[in-house]
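Reviewing the structure listed below.
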Amino acid sequence: MTDWTESLGGPRSLLTGPDIALTAGEDPAVFVIHFGERQLWLRDRLSSLLDNAFTCDVGETGRLPSGGFILRRTADEWWLVPEREKAGILWEKIAALAGQEAVAVDLTGHFSALRLAGAACREVLARVTNAPVPRRFMTAGLRIDKADCIAVQETSGNMGYLILLVPRSRAKRTAERLVEAALAVPRLNLL
Amino acid sequence: MNGPSYRLPPDVQKRFGQRIDRAQPIGFRFNNTRLIGLKGDTLASALLANGISNVGYSNVFGRPRGIMSVCANNADPTVTLGADERHVPYARLHNLRLSEGLDAKSPSPLLSRLRAWTAGTGMGELFAAKPAFNNLADPASYEHVHVHVDALVIGAGLAGIAAAQVLAAENLNVMVADEAVQAGGIADAYDGTIDSVPLKEWLGNAVQQLAGMPNVDLRLRSCAVQLTADRQTLVVERVTGDHIEHAAMKAPRERLWHIKADTVVLATGAQEKPLVFQNNDRPGIMLGCSARLALRRYGVAAGKRVVVVTGSDEGHRTALDLKAAGVTIERLVDLRLKPDGALVHMAKAEALPLSFGSVPVNAATIRNGRVLEGITIANRLRMDGPALTREILCDAVIMSGGWQPNYQLAVQAGAQLGFDPDSGHARVRGGYENGVFIAGAANAEFDAAAVLKDGWKAGAHAAAFVLGRIPAAHSSAMDIEVPEDTPAEPLGEIAEGQPTDHAFIDLALDATAEQWLLNRQKTGGGADPARFELIKAKNLEKSFVVPVSMGTLAGNLPAQLFGKASPIARPETADIRLLNGWDAVHCYRRPGENRNDSVLSEAKSIVSGKTILDGCWMQIASVQGKEAELFVRALMSNTPMALDAGAVPLSLADGAMPSTCFRDGANRYVICAEGDTSLSQWLMEARERSGADAVVLDESERWAKIILPGEHAPNLPGIEPLAHLTFGAFVLLIPSGEAEGVWEKLVQEGFEPVGTGAFQLCQLATGQLPASHPAFARWHRAPIKGLVPDGTGFIPPAGTHLFHGKKPENTQSSPVKPRYAGIVLACFPSPWSGEPLALAAVHADDIAHVHCKIQGDMWQGRVMPRNHGLSGIGK
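What follows is the structure in structure tokens.
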């Protein structure tokens, strides 16, 4: 399940412009973990496995010490998006810890990953989403056309970029919409 | 229609015509007449300059109308721009920048007259004011933008700019939206200084400073049309909408901004009210401030011989400007008995012909009401008998009835209105708990100094709302010198004994006070007599409507519907159709075959050979957790816990959603369904109701679904079928990343790809409707049975009603009376024989024969037992 897959065929770079770049990445590994109120033991064990990563508030994102990020979708639902090369080993450990008591699901293959970088990044999103784009978001539930996406702000050196996790069946259309929006004129020059 | 030019000569004072460039004439057409304007003109000012008195007709009665205002006001008629596919209906004159080649047309006068003649007869709707629509597809694009800002300031006048200054100084992200082409509101209609800097120059500097700040977005030509209590705002930005010179750009015509703001400052200004007298809507009658703005911005006078009627100092201010521009003031009529203000004294000093304590009672016109000839005024004070009246000849009347705050957006956001008897207008009352603050003229502050201070104050409150603290000392001016108006009397009353049937209080709706009240009563607005007197006397209610095009509301919707894409690639021969929101392959078209032939051919392959089908439209959800087993047992109709994990799947069904469930591991069940209702949502709702300690996850995207249809679905070495579908079909759940390879492998193994059309046909032939059929939505549907023709080789189409000829038992001697038997649900050819078959909902079990009439001919058929398809009628 956690083998490398790619939703969008063709070139990995979908668009490159002076203030925007859109690339398609490999499908991310996504693990869903549910902690009930009575399963604090599992939380403690997983926290020790992931170096105390379960500290975000609902709707926020945090870093996984081994690379990747963690999202808290609801009070008791956590989504882990680890780096691909470490995903297999991590899943084995999580599955072993969860056992038959807790819910841990490997959702790899459910999402495709798109990466938006550049100054016009927010403008492009504002042109395609169905809800106001938060001005400062670490993570957000965004809806592009009919696709419920997850956007995560990442930084690499001095450059910030957005990772969009898009349902696999909508990935191609979403990528096309993003390219259309990135090519649209005139620039909005959002704040 | 053309009159003399009303453009001021070039040697007039420098303060007149500040926005125009006399060296750059612009040609345009109005009602097929070629006219010349100047660069910087709006269509309204250009028409005024060309002496076009009648520019359109009113919305309800079709009365001739002129240009009453050069700034935002609903009184003016709208025009249609262009006649090609880029035409713009309902364009407003005041914010329409003149461009070379612009072609504007007013609505047909004939329709307007018909509307006027039929008004009140119930036939007026037939001739309602309609722009000239055409059937050409609009090539323009429209886009939607969704953003979040810290603060949104609506209105870039004096108050809006002041509020934005405070908010921007706190380093908040501020968007300022104004529908005008230039920031500053109507500040250029006033004289004065702020900190010894002329008002207009001070405002220009402030706008420039704001525009240069990185945290401020100044959007002009952007009109806010909706504001909700939680500060969701819709703003329509005209990007290239009415600009022919930008038509070649690829930019959208209009852009709809969906803005979520942490706080909103409403600086929407105010509308000048008309005075209420008979025929107060005639061409040639103009509002006072607008007449002054026409002079100062565009160098255009409203007329050559003007009468000014006013209830406030605005009229005096305008009259002084008109005199300075060389216009003859026939009479300055002040409704007040003893006005005493600086502007009144200045008017006296300029020797303007003044009348105090008089009211206008009627406007006289010629040429069927299209050209103003004069105005009749009457003394407010009278002894015995009727009031003394006097008719004054003129070609323009400037009227000023005070101001009415533009509170419409505030009301949308939940604000309450109260009536202020001293000022004679409504104003917003109550707190600002929801983060919407009102500033300036919209807050009933009408003097420039008060407007400025109110803007700063609203900005400070808004900043405090966002930051949770009182902001640092905000901008302030040490010295504001702007002539203040003496308080206007809340006038607008109608002289006694004078006709009032055409004395309008709302020119946009052609509403007199009586009509307005009648409409309020019809719509449940109340019938308070005191309120009627209030409306009649105070003239306070105004509608304000901004037309928004359908294209703008629709946005850039795709030209076609896009379904979800399967992880399995499709060849070009695939005929794609939407099925439960997915782009499913209906059939694979072969050369020389039509769609029906392909479907039938594939159906035969399903019956006789090895086939595979991309079941992308099927939904997969998992139920996991400690009580998953209990939950699934309660939900399904048999007992999944009897299965070992990973064992042969079990076919289950629930009344609401036909589905298949199998056990995938300890406390993990996977449910597979075909219906168009959201499976995971249905399961989640059921879980909420049951309170089971289980988690439902939608896994439809995670899996590719490959169906092996047909009763001879083979056992594949190395691949275990996971779910069992109808009529012996199996579905393979493959991780979506691996699906392509598995599909190709199966094709290499000799499996023929087929589409959903053939699959559904086979389902029908076995007596089963596809789960997506609308018949499943009906709880009490009749039993579904097969239908075969008696003799003739066709079947009535789906939707045909069927009858049967059973005799009623108690009327043996009466003729046979047909009774309703049911309805044909689906009609299709048999995949085995190619003969037509049908499924029908038949209401009684004992009906064996049915009939119906098709195009006059009687058709008869036999009803087959339930689910008799594959072994009976199908073969």
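Protein sequence lines, in the order shown, are assigned to chains A and B. For the first sequence, my numbering puts the final residue at 302, and the numbers step up evenly by one. For the second sequence, my numbering puts the final residue at 1099, and the numbers step up evenly by one. Think of the CB as a built atom: it goes at the ideal place given N, C-alpha and C, for glycine as much as any other residue.
Supposed close pair residue i, residue j - CB separation, criterion 8 Å
{"i": "Leu182(A)", "j": "Cys232(A)", "result": "That belief does not hold up - the Cβ atoms of Leu182(A) and Cys232(A) are roughly 19 Å apart, past 8 Å."}
{"i": "Gly416(B)", "j": "Leu427(B)", "result": "Contact doesn't hold; Cβ gap of about 11 Å is too wide."}
{"i": "Gln389(B)", "j": "Gly683(B)", "result": "7 Å"}
{"i": "Gly381(B)", "j": "Ala299(B)", "result": "Not quite, the Cβ-Cβ distance comes to about 20 Å (not below 8 Å), so this is no contact."}
{"i": "Leu125(A)", "j": "Ala135(A)", "result": "6 Å"}
{"i": "Leu907(B)", "j": "Val920(B)", "result": "4 Å"}
{"i": "Val398(B)", "j": "Val440(B)", "result": "5 Å"}
{"i": "Gly275(B)", "j": "Pro507(B)", "result": "11 Å between Cβ atoms; not a contact."}
{"i": "Val690(B)", "j": "Ala375(B)", "result": "7 Å"}
{"i": "Thr589(B)", "j": "Thr600(B)", "result": "Not a contact, Cβ separation roughly 12 Å."}
Cutoff 8 Å; reference residue i; Cβ partners in own chain excluding five residues on either side
{"i": "Arg279(A)", "result": "Ser118, Asp138, Gly220, His221, Phe222 and Ser223"}
{"i": "Pro1021(B)", "result": "Val1048 and Cys1051"}
{"i": "Ile694(B)", "result": "Ala684 and Ala688"}
Close-in-space but distant-in-sequence residues of the same chain around residue i (CB under 6 Å, 5 per side omitted)
{"i": "Lys484(B)", "result": "His372 and Gln456"}
{"i": "Ala453(B)", "result": "Ala637, Gly638 and Asn658"}
{"i": "Asn703(B)", "result": "Position check: residue 703(B) holds Asp in this sequence, whereas Asn was assumed. Around Asp703(B): Asp419."}
{"i": "Ala673(B)", "result": "Ile704 and Val706"}
{"i": "Gly787(B)", "result": "Leu802, Gly805, Trp806 and Asp807"}
{"i": "Thr285(A)", "result": "Ile255, Ala258 and Val277"}
{"i": "His726(B)", "result": "Gln502 and Asn503"}
{"i": "Leu837(B)", "result": "Ile931, Pro933, Val978 and Phe983"}
{"i": "Cys986(B)", "result": "Ala827, Ile830 and Pro1055"}
Span of the beta strand (DSSP E), counted from its first residue to its last, around residue i
{"i": "Cys1051(B)", "result": "Arg1043 to Pro1053"}
{"i": "Trp927(B)", "result": "Trp927 to Leu932"}
{"i": "Gly271(A)", "result": "Met270 to Pro278"}
{"i": "Ser846(B)", "result": "Gln843 to Gln848"}
{"i": "Ser267(A)", "result": "Ala258 to Ser267"}
{"i": "Glu597(B)", "result": "Val595 to Asn603"}
{"i": "Val532(B)", "result": "Arg529 to Thr534"}
{"i": "Glu478(B)", "result": "Glu478 to Leu490"}
{"i": "Leu458(B)", "result": "Gln456 to Arg462"}
Chain-ordered neighbours of residue i on chain A, where CB pairs are closer than 7 Å
{"i": "Lys474(B)", "result": "Val296"}
{"i": "Gly849(B)", "result": "Val214"}
{"i": "Ser960(B)", "result": "Gly220 and Arg279"}
Partners in chain A for residue i, counting only beta-carbon separations shorter than 8 Å
{"i": "Asp917(B)", "result": "Gly147"}
{"i": "Ser846(B)", "result": "Val216"}
Proximal residues of chain B, C-beta to C-beta of residue i below 8 Å
{"i": "Pro278(A)", "result": "Lys788 and Glu925"}
{"i": "Glu265(A)", "result": "By Cβ distance, chain B contributes nothing, its closest Cβ being about 20 Å from Glu265(A), past 8 Å."}
{"i": "Ala237(A)", "result": "Val369, His370 and Val371"}
{"i": "Lys283(A)", "result": "Ala789"}
Cutoff 7 Å; reference residue i; Cβ partners in own chain excluding five residues on either side
{"i": "Ala292(A)", "result": "Val235, Arg238 and Val239"}
{"i": "Ala206(A)", "result": "Ala215"}
{"i": "Asn763(B)", "result": "With a pLDDT of only 47 at Asn763(B), under 50, the local geometry of the prediction cannot be trusted, and the value read off the model is given with reservation. Excluding positions up to five away in sequence, the list reads Lys497, Val500, Gly625, Gly716 and Ile729."}
Residue range of the alpha helix (DSSP H) that includes residue i
{"i": "Ile385(B)", "result": "Leu382 to Ala393"}
{"i": "Phe580(B)", "result": "First-last for Phe580(B): Leu578 to Phe580, but that is the beta strand (DSSP E), not the alpha helix (DSSP H)."}
{"i": "Ser124(A)", "result": "Counting along the chain, Ser124(A) falls outside any alpha helix (DSSP H), though it belongs to the beta strand (DSSP E) covering Ser124 to Thr127."}
{"i": "Ser514(B)", "result": "Gly512 to Tyr522"}
{"i": "Phe855(B)", "result": "Ala852 to Leu859"}
{"i": "His540(B)", "result": "Asp537 to Ala548"}
{"i": "Leu301(A)", "result": "Looking at the DSSP string, Leu301(A) is not in any alpha helix (DSSP H), and its letter there is neither H nor E."}
{"i": "Asp558(B)", "result": "Where Asp558(B) is concerned, there is no enclosing alpha helix (DSSP H), although the beta strand (DSSP E) it sits in stretches over Thr552 to Asp558."}
Contact set between residue i and chain B, taken where Cβ atoms lie within less than 9 Å
{"i": "Gly128(A)", "result": "The contacting residues do not exist; Gly128(A) stays about 15 Å from chain B at best."}
Interface partners of residue i on chain A, CB under 9 Å
{"i": "Asp441(B)", "result": "Leu299, Asn300, Leu301 and Leu302"}
{"i": "Ser323(B)", "result": "Per Cβ cutoff of 9 Å: no residues; Ser323(B) is ~18 Å from chain A at best."}
Contacts that residue i makes with chain B (C-beta to C-beta distance below 7 Å)
{"i": "Val143(A)", "result": "Leu921"}
{"i": "Ala242(A)", "result": "His370"}
{"i": "Asp138(A)", "result": "Gly961"}
Identify every run of the beta strand (DSSP E) within the segment 417-447 of chain B, keeping only runs that are complete inside it and at least 3 residues long; order them along the chain. Inside the segment 417-447 of chain B, DSSP marks whole beta strand (DSSP E) runs of 3 or more residues at positions 440-443, from first to last along the chain.
Continuous alpha helix (DSSP H) assignments of at least 4 residues falling wholly in the segment 783-839 of chain B: Correct list: 819-832.
So within the segment 170-225 of chain A, which uninterrupted alpha helix (DSSP H) runs reach at least 4 residues, ignoring any that extend past its ends? Counting only runs of 4 or more, we get 195-209.
Would you mind listing the beta strand (DSSP E) stretches within the segment 613-699 of chain B that are 3+ residues and don't spill past its ends, in chain order? Runs of the beta strand (DSSP E) inside the segment 613-699 of chain B: 613-617, 620-624, 627-629, 640-644, 649-653 and 660-662.
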